[in-house]
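As structure tokens, the structure follows; a few thoughts come after it.
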Amino acid sequence: MSGSINRIYALVLRHIHIWRSSVMRLVDSIYWPAVQMVMWGFLTQFLRPQVSFMAQAAGILLSGLLLWEVVVRGNLSLSIAFLEEMWSRNLGHLFVSPIRSWEMATGIIVVALLRTLLGLIPVSLMAWAFFGFSIYSLGLPLLAFFLILQMFSWSVGLAMSGLIMRVGQSAESFAWAAVFILMPISGVYYPISVLPHWLQPLAYALPTSYVFEGMRSILLERTAQWHLLGLAFVLSAVYLVVGFQIFLWFFRSSRRAGSLLTQGE
Amino acid sequence: MPASPSIDVRRLRKVYGEVVAVDDLTFAVPRGAVLGLLGGNGAGKTTTISMLLGLLEPTAGEIQVLGVDMLRHRYAALPRMNFSSPYVDLPHRLTVRQNLQFYGRLYGVPTLQRRIVEIAEHIQVADFLDRQTGKLSAGQKTRVALAKALINKPDVLLLDEPTASLDPDTADWVRTYLKDYQAETHATILLASHNMSEVERLCDDVVLLQAGRMFDRGSPRELLERFGREDMEQVFLDMARGRGRGLESLRKDEAAQ
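Going down the list, the sequences are from chains A and B. For the first sequence, the working numbering gives the first residue as 60, with consecutive numbering after it. For the second sequence, the working numbering gives the first residue as -2, with consecutive numbering after it.
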């Protein structure tokens, strides 16, 4: 086990060294969430005196935005952590070293988590400083929301990393955009009941839907629906296992096709 | 009872669609020997090395390294192996020291800092240990790649064209170092190359590959005698231009007699 921890630590440390050598690589983690937060913050300020719903729960848009960014940044951070190995044409060395697939997946998940926190904590503080809104007012459920959304984003990131490993960097743009297709049915800014009936079962198959419903429940009714969060947690865990299996499937497929040595810049 | 070979390959085959990259390849490398895989572009050298390392799944055949079935339990052997190739880079943005620390940790090297100092002195990379790997010259990068390949003092070292695109001075240094390392550690080395002087100088045994098949096999001296040539370059040209007969056809003749 200590060997596994040492290898995971090596992978994490390798990415921290890269961040230290090129701070610009971290800037995008803050830049886009910050721009969006400012835009939605001003929109909230504009709507608050005119829309009674907004007066009741002023933070509902900013909460939705910041929590959705947890999904987007989680997926992007994980994909970038994997792509770093491809960009540096390092996959060959990595896969012939004793690091196992699950250790590699765990390593890049830790890297993605750090990168997400490095990006979103400053933005959440900016929301408090500029618009007087604190996401931390969600209280303890915020931790559960964060964990569920991160796990789900990692599952997408692992599947996308596997796809890139198999078909090459032509799949990169798909990896960036993959989670956005889920945004309309996750109820980020509106309740799931708004969706057509036939789409609602699909929405409830996603853990994200429960998180955003839960968020609205806290902001509008001051109640935390823990049983739904429990369900969302189980769903996220299932997705994470499936995401890892997809990654492994692409890895085995790449080994058969011989694409591990040829991928690179 | 003879010691089991370090590398034992049996009836190895790799097919991509309709292209047969490696076909029915069988060879063994005794512990402490240096085997050269010699062949032109597309002969199957890199494919064979990739299969030995587990980067590529064979279509058929068996591979054992250090007594471990590489197709099923490769993680048992990987900590005792290492690899270098000009076609696989080390992370550019890491310094040489960070790269060696990274791979040292992956390979579970004990007393890693001491090992880095030791290998840096041996491979002569101490002067640029704290420079970014991507900013080094080709010769310096080759030394760093070699340092990475030796960081865990491997029992089995796989080298894919270790002196490709190097100037003669650096290439000579690499060959001398490998020769000394092998003599000192008795490591088993498998070397893919199309540099004849390199093969002649380093290898105890040579497998000639042509279109994925074993064309001939023997020590450089045996091959020179068999082909009636003075150097390995002529042997290679005979094979490439269809002038040599190859081991298989000689055996068929012997069997017929």
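Glycine included, each C-beta is placed from N, C-alpha and C at the ideal position.
Contacts that residue i makes with chain B (C-beta to C-beta distance below 8 Å)
{"i": "residue 77 of chain A", "result": "88, 90, 91"}
{"i": "residue 62 of chain A", "result": "105"}
{"i": "residue 90 of chain A", "result": "Those within 8 Å of residue 90 of chain A in chain B number zero; the least Cβ separation is about 20 Å."}
Under the three-state DSSP convention, the category residue i falls into
{"i": "residue 192 of chain A", "result": "coil"}
{"i": "residue 323 of chain A", "result": "Per-residue confidence for residue 323 of chain A stands at a pLDDT of 49, beneath the threshold of 50, marking its modelled position as unreliable; the derived number appears in the next sentence. Note: residue 323 of chain A maps to coil in three-state DSSP."}
{"i": "residue 150 of chain B", "result": "coil"}
{"i": "residue 242 of chain A", "result": "coil"}
{"i": "residue 198 of chain B", "result": "helix"}
{"i": "residue 108 of chain B", "result": "coil"}
{"i": "residue 227 of chain B", "result": "coil"}
{"i": "residue 121 of chain B", "result": "coil"}
{"i": "residue 84 of chain A", "result": "helix"}
{"i": "residue 265 of chain A", "result": "coil"}
{"i": "residue 304 of chain A", "result": "helix"}
{"i": "residue 238 of chain B", "result": "coil"}
{"i": "residue 116 of chain B", "result": "helix"}
{"i": "residue 179 of chain A", "result": "helix"}
{"i": "residue 210 of chain B", "result": "strand"}
{"i": "residue 60 of chain B", "result": "strand"}
{"i": "residue 109 of chain A", "result": "coil"}
{"i": "residue 316 of chain A", "result": "helix"}
{"i": "residue 136 of chain B", "result": "helix"}
{"i": "residue 205 of chain B", "result": "strand"}
{"i": "residue 39 of chain B", "result": "coil"}
{"i": "residue 309 of chain A", "result": "helix"}
{"i": "residue 254 of chain A", "result": "coil"}
{"i": "residue 87 of chain B", "result": "coil"}
{"i": "residue 294 of chain A", "result": "helix"}
{"i": "residue 129 of chain B", "result": "strand"}
Limits of the unbroken beta strand (DSSP E) element including residue i
{"i": "residue 79 of chain B", "result": "78 to 81"}
{"i": "residue 190 of chain B", "result": "185 to 190"}
{"i": "residue 101 of chain B", "result": "Note, residue 101 of chain B: premise wrong, no beta strand (DSSP E); alpha helix (DSSP H) at 93 to 103."}
{"i": "residue 23 of chain B", "result": "16 to 26"}
Sub-8 Å separation of residue i and residue j beta-carbons
{"i": "residue 62 of chain B", "j": "residue 196 of chain B", "result": "no"}
{"i": "residue 305 of chain A", "j": "residue 218 of chain A", "result": "yes"}
{"i": "residue 148 of chain A", "j": "residue 88 of chain A", "result": "no"}
{"i": "residue 87 of chain B", "j": "residue 142 of chain B", "result": "yes"}
{"i": "residue 211 of chain B", "j": "residue 35 of chain B", "result": "no"}
{"i": "residue 136 of chain A", "j": "residue 175 of chain A", "result": "yes"}
{"i": "residue 84 of chain A", "j": "residue 78 of chain A", "result": "yes"}
{"i": "residue 190 of chain A", "j": "residue 103 of chain A", "result": "yes"}
{"i": "residue 164 of chain A", "j": "residue 292 of chain A", "result": "no"}
{"i": "residue 121 of chain A", "j": "residue 145 of chain A", "result": "no"}
{"i": "residue 28 of chain B", "j": "residue 74 of chain B", "result": "no"}
{"i": "residue 85 of chain B", "j": "residue 216 of chain A", "result": "no"}
{"i": "residue 297 of chain A", "j": "residue 50 of chain B", "result": "no"}
{"i": "residue 130 of chain A", "j": "residue 208 of chain A", "result": "yes"}
{"i": "residue 151 of chain B", "j": "residue 78 of chain B", "result": "yes"}
Bounding residues of the alpha helix (DSSP H) (the contiguous stretch that carries residue i)
{"i": "residue 71 of chain A", "result": "61 to 80"}
{"i": "residue 203 of chain A", "result": "200 to 226"}
{"i": "residue 49 of chain B", "result": "42 to 50"}
{"i": "residue 11 of chain B", "result": "Premise fails: residue 11 of chain B lies in the beta strand (DSSP E), 4 to 13, not in any alpha helix (DSSP H)."}
{"i": "residue 168 of chain B", "result": "165 to 182"}
{"i": "residue 31 of chain B", "result": "Per DSSP, residue 31 of chain B belongs to no alpha helix (DSSP H); it is in the beta strand (DSSP E), 31 to 35."}
{"i": "residue 237 of chain A", "result": "Run containing residue 237 of chain A: none; DSSP gives neither H nor E here."}
{"i": "residue 123 of chain A", "result": "119 to 146"}
{"i": "residue 69 of chain B", "result": "67 to 70"}
{"i": "residue 155 of chain A", "result": "150 to 155"}
Chain-ordered chain A contacts of residue i [CB-CB under 9 Å]
{"i": "residue 174 of chain B", "result": "Chain A residues near residue 174 of chain B: none, gap ~20 Å exceeds 9 Å."}
{"i": "residue 82 of chain B", "result": "151, 152, 320"}
{"i": "residue 206 of chain B", "result": "Those do not exist, as residue 206 of chain B stays about 17 Å from chain A at its closest Cβ, beyond 9 Å."}
{"i": "residue 178 of chain B", "result": "Result: empty, since nearest Cβ-Cβ is about 19 Å, beyond 9 Å."}
Per-residue contacts from residue i into chain B (C-beta, under 9 Å)
{"i": "residue 81 of chain A", "result": "90"}
{"i": "residue 225 of chain A", "result": "Under the 9 Å cutoff, chain B gives no residues; its nearest Cβ is about 13 Å from residue 225 of chain A."}
{"i": "residue 68 of chain A", "result": "102"}
Where residue i meets chain B, residues with beta-carbon distance less than 7 Å
{"i": "residue 203 of chain A", "result": "Ordered by position in chain B, no residue passes the 7 Å Cβ test against residue 203 of chain A, which lies about 34 Å from the chain."}
Which residues, in order along the segment 132 to 161 of chain A, keep a beta-carbon less than 7 Å from a beta-carbon of chain B?
Against chain B - using a Cβ distance shorter than 7 Å - the residues of the segment 132 to 161 of chain A are 147, 148, 149, 151, 152, 154, 155, 156, 157, 158, 159.
Any C-beta of chain A within less than 7 Å: which residues of the segment 38 to 60 of chain B qualify?
47, 50, 51, 52, 53, 54
Check each residue of the segment 6 to 37 of chain B: if its Cβ is closer than 9 Å to any Cβ of chain A, include it; give the result in chain order.
11, 13, 18
Residues of the segment 302 to 318 of chain A in Cβ contact with chain B at a cutoff of 8 Å, in chain order, please.
311, 314, 315, 316, 317
Listed in chain order, which residues of the segment 63 to 75 of chain B have Cβ atoms closer than 8 Å to some Cβ of chain A?
72, 75
Residues in the segment 269 to 297 of chain A having any Cβ partner in chain B nearer than 7 Å
none
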